[in-house]
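> If you use this note's numbering, the sequence shown corresponds to residues 507 to 694, in order.
Would you mind keeping the following structure in view while I ask a few things?
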Amino acid sequence: MEQPINSVSILVASYNTKPIYITECIDSIINQNGNFAIELVWINDGTDKDGTLLLKQELQRFQKTKKNAKVIYKKQSTNMGLSYCLHEGVLLCSNEIIFRMDSDDIMAPERLNIQYNFMHNTPDCVLCGSDMITFTSNNNSFVSESALPILGNESRKRSSASPFRRCKVEGLSGPPTEPRGGSARFTT
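In structure tokens, the structure reads:
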């Protein structure tokens, strides 16, 4: 396989996500088509000890399995909330195009290829979204296909990683001034 000419960052934050979801999320990243160098930035938002151990094992498996992959891992000492973690994650990403996904999501195999190529060929595009498929976690049964799904109890999403341009979000605001539980105010 030739050396990749394109690099992307994938940003994931997690808090006590079910182990099978972590595995499926990482597998969907491993199984992406295309020739990309992937920087996986994972923010552990205070997950318990057992969950943290499993997450670290899965990230090691990713690094060993996926060629041209780099993992950046940060563990918060306490649950800080999603917006805080995403802000931290963006600062750790080194690529211009960042794919954001939840730790219980899975990406369709062509996701990076299609959305990266669109953003690369459309320099004015700041954020690229798409439809997603929602399914139940207990038997993977189809729930809906929509741009704006309504998620019920134990529903999961397929292909909801929305890429954005780092240069357009960097500097918009600082991190929340208070961690989870406080009022989410942003500084500028």
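Using N, Cα and C, we set each Cβ at its ideal position, and we do this for glycine too.
Source: prediction; values computed, not measured.
Per DSSP, what are the beta-bridge partners of valine 675 in this structure?
DSSP lists no partner for valine 675.
> From which residue to which residue does the alpha helix (DSSP H) around valine 596 run?
588-598
> Is there contact between the region 527-542 and the region 586-604, where contact requires at least three CB pairs shorter than 8 Å?
no
> Keeping to the same chain, check which residues put their C-beta closer than 7 Å to that of isoleucine 612; ignore five residues upstream and five downstream.
Glu530, Cys531, Ser534, Arg664
> Could you tell me the distance, in whole angstroms, from the CA atom of valine 547 to the CA atom of aspartate 630?
25 Å
> Please go through the same chain and pick out, in chain order, the residues whose beta-carbon is closer than 7 Å to the beta-carbon of serine 668, but skip the five residues on each side of it.
Arg606, Leu633, Cys634, Gly635
> Which of helix, strand or coil does DSSP assign to proline 669?
Reduced to three states, the DSSP call for proline 669 is strand.
> Leucine 517 and glycine 595: beta carbons closer than 7 Å?
yes
> In chain order, what residues of the same chain lie with their CB nearer than 7 Å to the CB of glutamine 569, ignoring the 5 residues before and after it?
Ala575, Val577
> Name the two residues that bound the continuous alpha helix (DSSP H) containing tyrosine 527.
525-536
> When DSSP labels each residue in this structure, what does tyrosine 622 get in the three-state scheme?
Helix.
> Output the distance between the C-alpha atoms of asparagine 550 and threonine 571, rounded to the nearest integer angstrom.
21 Å
> Residue range of the alpha helix (DSSP H) that leucine 491 falls in?
Since the first residue of the chain shown is 507 and the last is 694, residue 491 is not available in this structure.
> Going by DSSP, what residue range makes up the beta strand (DSSP E) through lysine 581?
Counting along the chain, the beta strand (DSSP E) containing lysine 581 begins and ends at 575-581.
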